[in-house]
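S.K.:
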Amino acid sequence: MDKEFSNIRIVDIAKMAGVSVGTVDRVIHNRGRVSEENRKKVQAILEMVHYQPNLMARSLASKKQYHFVAIIPSFTQGEYWEAISEGIDKVAAEMETYNITITKLFFDQYNNKTFDDITRNLLDEKVDGVLIATLFTDSVIRLSQELDRNEIPYVYVDSNIEGQHQLAYFGTESYDAGVIAARLLTDRLSPTSDILMARIVHSGKNDSNQGKNRRDGFCHYLKEVGFSGKLHEVELKISDSVYNFAKLNEIFELNPGIKGAIIFNSTCYILGNYLKAREMQAVKLVGYDLIERNTQLLSEGVITALIAQRPERQGYEGIKSLCNYLLFKQKSEKVNLMPIDILLRENLKYYLNNKL
1 MDKEFSNIRI
11 VDIAKMAGVS
21 VGTVDRVIHN
31 RGRVSEENRK
41 KVQAILEMVH
51 YQPNLMARSL
61 ASKKQYHFVA
71 IIPSFTQGEY
81 WEAISEGIDK
91 VAAEMETYNI
101 TITKLFFDQY
111 NNKTFDDITR
121 NLLDEKVDGV
131 LIATLFTDSV
141 IRLSQELDRN
151 EIPYVYVDSN
161 IEGQHQLAYF
171 GTESYDAGVI
181 AARLLTDRLS
191 PTSDILMARI
201 VHSGKNDSNQ
211 GKNRRDGFCH
221 YLKEVGFSGK
231 LHEVELKISD
241 SVYNFAKLNE
251 IFELNPGIKG
261 AIIFNSTCYI
271 LGNYLKAREM
281 QAVKLVGYDL
291 IERNTQLLSE
301 GVITALIAQR
311 PERQGYEGIK
321 SLCNYLLFKQ
331 KSEKVNLMPI
341 DILLRENLKY
351 YLNNKL
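For what it's worth, UniProt numbering labels the leading residue of the sequence shown as 1, then goes sequentially.
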């Protein structure tokens, strides 16, 4: 709440809106009958003063216990999904005294079967709200439809899926992030240079919803600006450097015109480590996400630019929106776009100090 309105009371809101105190109470707590005209008057004042009901008083008075489930990929220290998890942990700590518990369920981001396995019996226990990392579109839609049938609110993070009934989405426009990557890369290349597009293969279904959208945006921009170089694609493995080096040796030897490279998830360091080992400074590399292995290569000048999307905020705001909805009956905007941050070697240190 702004300092100007820090001590505002319901009676003050009623006077400012020109309605009774009872009307304000009914609007805040979403109960009783209120004319649409008066509801709009009250909502306008509530938004202006950034009014927040007393969360602790409400939750403690109700004695109701809330159980949220966060469904996200597993990770090791320093990986992208650790940041999402940290955002969830932060809001969990804030909400612990408000009768809220959060369970995290982990799946393999390169295998859609693991997502299906952990969600198959999700509703066998009490669940009040769900946060979903939307890597596998078909699987997420099936889960969303089951949650709809059980009237359980859910929030998407990482990438959006249109046509569903999610309470809210927190993340970037993946397509636009692909367009930005293409512009960052082509601005540093001649129009006839070749570009290497890498993807990570694993077991199960490999292409994430976000990765596909980024690739679509990237390719559309190249077509739109009349880029005349060739696009080459290579499949790499997440934990097999010997295999990756052999594949990259082959493709660079056969295609010496490759002067740009892109990978559409957080594993930019796989390409970066190869370029560093081969001392291929002439190849411009653009990637995604500020995980430690990427930022190190960016600081060394191996990676040309990184595109970041504030994953900590996605996890934090996603769970917070479920809390606000269930405790206050307050809905977030359905689409909540995080900033798309462009990181270069020159501005990296400033961003690392202020990324939350």
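Built from N, CA and C at the ideal position, the CB exists for glycine as well. These figures come from a predicted structure and were not determined experimentally.
1) Going by DSSP in three states, HIS232 sits in which element: helix, strand or coil?
2) Just mark ILE238 as buried or exposed, buried being the case when its beta carbon has 16 or more other beta carbons within 10 Å.
3) What is the rounded straight-line gap between the Cα of ILE262 and the Cα of LYS41?
4) Unbroken alpha helix (DSSP H) runs of length 4 or more, entirely within the region 149-189: which are they?
5) Find out if the Cβ-Cβ distance for the pair LEU159, GLY171 is shorter than 9 Å.
6) Give me the DSSP bridge partner(s) of LYS237.
7) In whole angstroms, what is the alpha-carbon distance linking GLY18 and LYS329?
8) Do the CB positions of ILE270 and TYR288 come within less than 9 Å of each other?
9) Pairs of beta-carbons, one from the region 190-199 and one from the region 222-234, closer than 8 Å: are there three or more?
10) Which residues in the same chain as VAL24 place their Cβ atom closer than 6 Å to its Cβ, once the five residues preceding and following it in sequence are excluded?
11) ASP12 by DSSP, collapsed to three states: which one?
12) At the level of alpha carbons, what is the spacing between HIS67 and SER144?
13) I need the DSSP call for ALA282, collapsed to helix, strand or coil.
14) List the endpoints of the continuous beta strand (DSSP E) containing ASP341.
15) DSSP three-state label for HIS50, please.
16) Residues in its own chain within less than 8 Å of ASP176 by CB, not counting five upstream and five downstream?
17) Please specify which runs of the beta strand (DSSP E), each continuous and at least 3 residues long, are wholly inside the region 97-125, giving them in chain order.
18) Under DSSP, the alpha helix (DSSP H) around PRO311 begins and ends at which residues?
19) Near PHE106, what residues of its chain come up, given a Cβ to Cβ distance below 7 Å and the 5 sequence neighbours on each side ignored?
20) If I'm right that GLN210 touches SER174 with Cβ under 8 Å, what's the distance once you round it to whole angstroms?
21) Kindly identify the DSSP beta-bridge partner or partners of PHE68.
22) Please report the distance separating the alpha-carbon of residue 357 from that of VAL155.
23) Alpha carbons only, please: which of PHE245, ILE118 and ALA305 is nearest the one belonging to GLU346?
24) I need the boundaries of the alpha helix (DSSP H) containing LYS349, first residue and last residue.
25) Which value, in whole angstroms, describes the spacing of the CA atoms of GLU292 and GLU250?
26) Looking at the unbroken alpha helix (DSSP H) that takes in ILE27, where does it start and where does it end?
27) Per DSSP, what kind of secondary structure is ASN336 in: helix, strand or coil?
28) In whole angstroms, give me the CA-to-CA distance for MET1 and GLU47.
29) What does the Cβ neighbour count give for THR186, buried or exposed, with the cut at 16 atoms within 10 Å?
30) Taking all protein chains shown into account, decide if GLU312 is buried (16 or more other Cβ within 10 angstroms of its Cβ) or exposed.
31) Do you know offhand how far ILE141's Cα is from ILE161's?
32) So, at 7 Å on beta carbons, what are the nonlocal neighbours of LYS90 in its own chain, with the 5 sequence-adjacent residues on each side left out?
33) From what residue to what residue does the beta strand (DSSP E) around LYS259 run?
M.R.: This is what the structure gives:
1) The sequence position of residue 232 within the sequence shown is 232, counting from 1. Note: HIS232 maps to strand in three-state DSSP.
2) If you number the sequence shown from 1, residue 238 lands on position 238. By the 10 Å Cβ count, ILE238 comes out exposed.
3) In the sequence shown, counting from the first residue as 1, residue 262 sits at position 262. In the sequence shown, counting from the first residue as 1, residue 41 sits at position 41. Take the alpha-carbon of ILE262 and the one of LYS41: they are about 50 Å apart.
4) Listed in chain order, the complete alpha helix (DSSP H) runs (minimum 4 residues) inside the region 149-189 are 174-186.
5) Within the sequence shown, residue 159 is the residue found at index 159, counting from 1. Within the sequence shown, residue 171 is the residue found at index 171, counting from 1. The sequence given here has Ser at residue 159, not Leu. It is a contact, given that the beta carbons lie within the stated cut-off.
6) Locating residue 237 in the sequence shown gives position 237, where the first residue counts as 1. BP columns for LYS237 point to VAL201.
7) Mapped onto the sequence shown, residue 18 falls at position 18. Mapped onto the sequence shown, residue 329 falls at position 329. Taken atom to atom, the span from the alpha-carbon of GLY18 to that of LYS329 is near 23 Å.
8) Taking the sequence shown and counting its residues from 1, the one referred to as residue 270 is at position 270. Taking the sequence shown and counting its residues from 1, the one referred to as residue 288 is at position 288. TYR288 sits away from ILE270, with the two beta carbons spaced by 9 Å or more.
9) Look at the beta carbons and you see the region 190-199 touching the region 222-234: at least three pairs across the two are nearer than 8 Å.
10) Start at 1 with the first residue of the sequence shown, and residue 24 comes out as number 24. Counting only Cβ-Cβ distances below 6 Å, and skipping sequence neighbours, we find ILE10, ILE13, ALA14 and VAL42.
11) Here the question's residue 12 lines up with position 12 in the sequence shown. DSSP, read as helix, strand or coil, puts ASP12 in helix.
12) If you number the sequence shown from 1, residue 67 lands on position 67. If you number the sequence shown from 1, residue 144 lands on position 144. Between HIS67 and SER144, the C-alpha separation is close to 17 Å.
13) Taking the first residue of the sequence shown as position 1, residue 282 is located at position 282. Note: ALA282 maps to coil in three-state DSSP.
14) Here residue 341 is taken as the residue at index 341 of the sequence shown, counted from 1. The continuous beta strand (DSSP E) containing ASP341 extends over residues 341-343.
15) Residue mapping note: residue 50 aligns to position 50 of the sequence shown, counting from 1. Assigned with DSSP and collapsed to three states, HIS50 falls in coil, not helix or strand.
16) Counting from 1 along the sequence shown, the entry for residue 176 is found at position 176. Within the same chain, ASP176 has close Cβ partners GLY217 and ILE340.
17) Taken in chain order, the complete beta strand (DSSP E) segments of 3 or more residues contained in the region 97-125 are 100-107.
18) Translated into positions along the sequence shown, residue 311 becomes position 311. For PRO311, the enclosing alpha helix (DSSP H) covers residues 311-328.
19) For the purposes of this step, residue 106 is taken as the residue at position 106 of the sequence shown. The residues are ILE72, PRO73 and SER74.
20) As a position in the sequence shown, residue 210 is number 210, starting the count at 1. As a position in the sequence shown, residue 174 is number 174, starting the count at 1. Indeed they touch by this definition, with Cβ atoms about 5 Å apart.
21) Numbered from 1 along the sequence shown, position 68 holds the residue referred to as residue 68. Per DSSP, ILE102 and GLY129.
22) The question about residue 357 has no answer here: the residues shown for the chain are numbered 1 through 356.
23) Taking the first residue of the sequence shown as 1, we reach residue 346 at position 346. It is ALA305.
24) Numbered from 1 along the sequence shown, position 349 holds the residue referred to as residue 349. From DSSP, the alpha helix (DSSP H) with LYS349 extends over 348-352.
25) Position 292 of the sequence shown, counted from the first residue, corresponds to residue 292. Position 250 of the sequence shown, counted from the first residue, corresponds to residue 250. If you take the alpha carbons of GLU292 and GLU250, they lie about 28 Å apart.
26) Within the sequence shown, numbered from 1, the residue matching residue 27 stands at position 27. First, the residue type needs correcting, since residue 27 is Val and not Ile in the sequence shown. Note, VAL27: alpha helix (DSSP H), 21-29.
27) Position 336 of the sequence shown, counted from the start, is the residue given in the question as residue 336. ASN336 falls in the strand class under three-state DSSP.
28) Walking along the sequence shown from the start, residue 1 turns up at place 1. Walking along the sequence shown from the start, residue 47 turns up at place 47. Residue placement at MET1 is poorly supported in this model, since its pLDDT is 45, which falls under 50; the coordinates still yield a value, given next. One Cα belongs to MET1, the other to GLU47, and the distance between them is close to 10 Å.
29) As a working mapping, residue 186 is identified with position 186 in the sequence shown. By the Cβ-count criterion, THR186 is buried, with 16 or more other Cβ atoms from all chains shown falling within 10 Å of its own Cβ.
30) Counting from one through the sequence shown, the residue named residue 312 turns up at place 312. Buried.
31) As a first step, residue 141 must be located in the sequence shown, where it is residue number 141. As a first step, residue 161 must be located in the sequence shown, where it is residue number 161. Per the coordinates, the alpha-carbon of ILE141 lies some 8 Å from the alpha-carbon of ILE161.
32) Numbered from 1 along the sequence shown, position 90 holds the residue referred to as residue 90. Excluding sequence neighbours, LYS90 sits near TYR316.
33) Indexing the sequence shown from 1 puts residue 259 at position 259. Taken as a continuous stretch (DSSP letters only), the beta strand (DSSP E) holding LYS259 covers 258-263.
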